[in-house]
Amino acid sequence: MSSVPSVPSVPTSGDVISLLSHRVPDLGALELLIAVARHGSLGRAAREVGITQPAASSRIRSMERQLGVALVDRSPRGSRLTDAGALVTDWARRIVEAAEAFDAGVQALRGRRDSRLRVAASMTIAEYLLPGWLIALRAERPDTAVSLLAGNSAAVAERLLGGDADLGFVEGLAVPEGLDGAVVAHDRLAVVTAPSHPWARRRKALDPAELAATPLVLRERGSGTRQVLDAALAGYGGLAQPLLELASTTAVKAAAVSAAGPAVLSELAVAEELASHRLVAVPVAGVLLRRDLRAVWPTGHRPTGPARDLLSLTRARPAG
Numbered sequence: 162m163s164s165v166p167s168v169p170s171v172p173t174s175g176d177v178i179s180l181l182s183h184r185v186p187d188l189g190a191l192e193l194l195i196a197v198a199r200h201g202s203l204g205r206a207a208r209e210v211g212i213t214q215p216a217a218s219s220r221i222r223s224m225e226r227q228l229g230v231a232l233v234d235r236s237p238r239g240s241r242l243t244d245a246g247a248l249v250t251d252w253a254r255r256i257v258e259a260a261e262a263f264d265a266g267v268q269a270l271r272g273r274r275d276s277r278l279r280v281a282a283s284m285t286i287a288e289y290l291l292p293g294w295l296i297a298l299r300a301e302r303p304d305t306a307v308s309l310l311a312g313n314s315a316a317v318a319e320r321l322l323g324g325d326a327d328l329g330f331v332e333g334l335a336v337p338e339g340l341d342g343a344v345v346a347h348d349r350l351a352v353v354t355a356p357s358h359p360w361a362r363r364r365k366a367l368d369p370a371e372l373a374a375t376p377l378v379l380r381e382r383g384s385g386t387r388q389v390l391d392a393a394l395a396g397y398g399g400l401a402q403p404l405l406e407l408a409s410t411t412a413v414k415a416a417a418v419s420a421a422g423p424a425v426l427s428e429l430a431v432a433e434e435l436a437s438h439r440l441v442a443v444p445v446a447g448v449l450l451r452r453d454l455r456a457v458w459p460t461g462h463r464p465t466g467p468a469r470d471l472l473s474l475t476r477a478r479p480a481g
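Pasting the structure below:
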């Protein structure tokens, strides 16, 4: 039986990189060799690159063993390059120049990334928490341009997953699918109504079943506020058909103040109206209307640059 000649394998790019990493000296060694050529002294070259002379001698010897040629002649009068050393130094300059160009390019990319920050946030966070956080970020990063996209929690998730935002903030019950997150604050929902509404004069806490059965002024489906309320009242027959369904916290609040009907809103959103008695908080028995406020980002992609700094600020300045 005749044997089939073997076909030599073609090295992959990973194989080439692995081979080069063993055969080509690192940048530090090449920079040292260039410094020796410039100063004609191993001691002065060592001082320039910030190492001791014995360490410099050891690095040159290691490079000579790696390359298999003598690079430096040492004598009491100083150190000079061999012919092979001079040639290697010329090549080393090209490598170092290419590395400097690479570094400059990366710095430019990082600068471009750090020059802007796109934030997507659900309504309550966008209106009542983010302004303070962004003012603090401005003090740390005055050259970063920040854009804010406000929407409900579902819209925030869509923008992050679509690459239209660098960092998001949501108010729902859990981290949306496809995202990672961290709790940055806590919030409570309040049932509120105008002082003229009968609920404003109640002496007893509102029963959850009555709240569920009453048409309310509500945020739209997909909002964090609506998610929490739907979950809290699911065991009481679910929410009645809304009296009004509005797409912003400000609109819901305005409707409640004008006595259109009871509403459920974040305590952060109605603090001023409660203090001025334009709205009255109605206690509810037996249901938990508390929620976590989260920073979110695409799974596996931790925030970097300005997004990382903003996330740190939210933890340094918690709310709720």
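Numbers given in our numbering equal positions in the sequence shown, counted from 1, plus 161.
For every residue, glycine included, the Cβ atom is placed at its ideal position computed from N, Cα and C.
- Distances from the alpha-carbon of L309 to those of G323, F330 and A253 put F330 closest.
- Cβ neighbours of L291 within its own chain (closer than 8 Å, five residues either side excluded): V280, A282, L309 and F330.
- If you draw a straight line from the Cα of R320 to the Cα of L298, it is about 22 Å long.
- Rounded to the nearest angstrom, the Cβ distance from V431 to L440 is 6 Å, consistent with a contact under 8 Å.
- Rounded to whole angstroms, the gap between the alpha carbons of G239 and R205 is 10 Å.
- Here DSSP, grouped into helix, strand and coil, assigns S409 to coil.
- The C-beta of I296 has fewer than 16 other C-beta atoms within 10 Å across all chains shown, which makes the residue exposed.
- The DSSP-derived three-state label of T354 is strand.
- For R455, the enclosing beta strand (DSSP E) starts and ends at R451 to P459.
- For D391, the enclosing alpha helix (DSSP H) stretches over residues G385 to A393.
- Judged by pairs of C-beta atoms under 8 Å, the stretch 354-361 does not touch the stretch 383-395, as fewer than three such pairs exist.
- Classified as exposed, D304 has fewer than 16 neighbouring CB atoms from the shown chains inside 10 Å of its CB.
- In this structure G339 is exposed. Its beta-carbon is surrounded by fewer than 16 other beta-carbon atoms within 10 angstroms.
- With 16 or more other CB atoms across the displayed protein chains lying within 10 angstroms of its CB, P464 is buried.
- In this model, V317 and Y397 are separated by some 29 Å (Cα to Cα).
- Distance check between P376 and each of A198, A401 and A253 places A401 closest, using alpha-carbon atoms only.
- In the DSSP annotation of this structure, the continuous segment of the beta strand (DSSP E) that includes V307 starts and ends at A306 to G312.
- Take A393, set aside five residues on each side of it, and the residues of its chain with a beta-carbon closer than 7 Å to its own are V448, L449 and L450, in chain order.
- In this structure L390 is buried. Its beta-carbon is surrounded by 16 or more other beta-carbon atoms within 10 angstroms.
- By the Cβ test, the stretch 255-267 is not in contact with the stretch 225-236, since fewer than three Cβ pairs between them sit closer than 8 Å.
- In its chain, beyond the 5 residues on either side, V233 have a beta carbon closer than 6 Å to the beta carbon of I221.
- For R205, no beta strand (DSSP E) run applies; the uninterrupted alpha helix (DSSP H) run containing it begins and ends at L203 to V210, by DSSP.
- For L377, there is no enclosing alpha helix (DSSP H), since its DSSP letter is neither H nor E.
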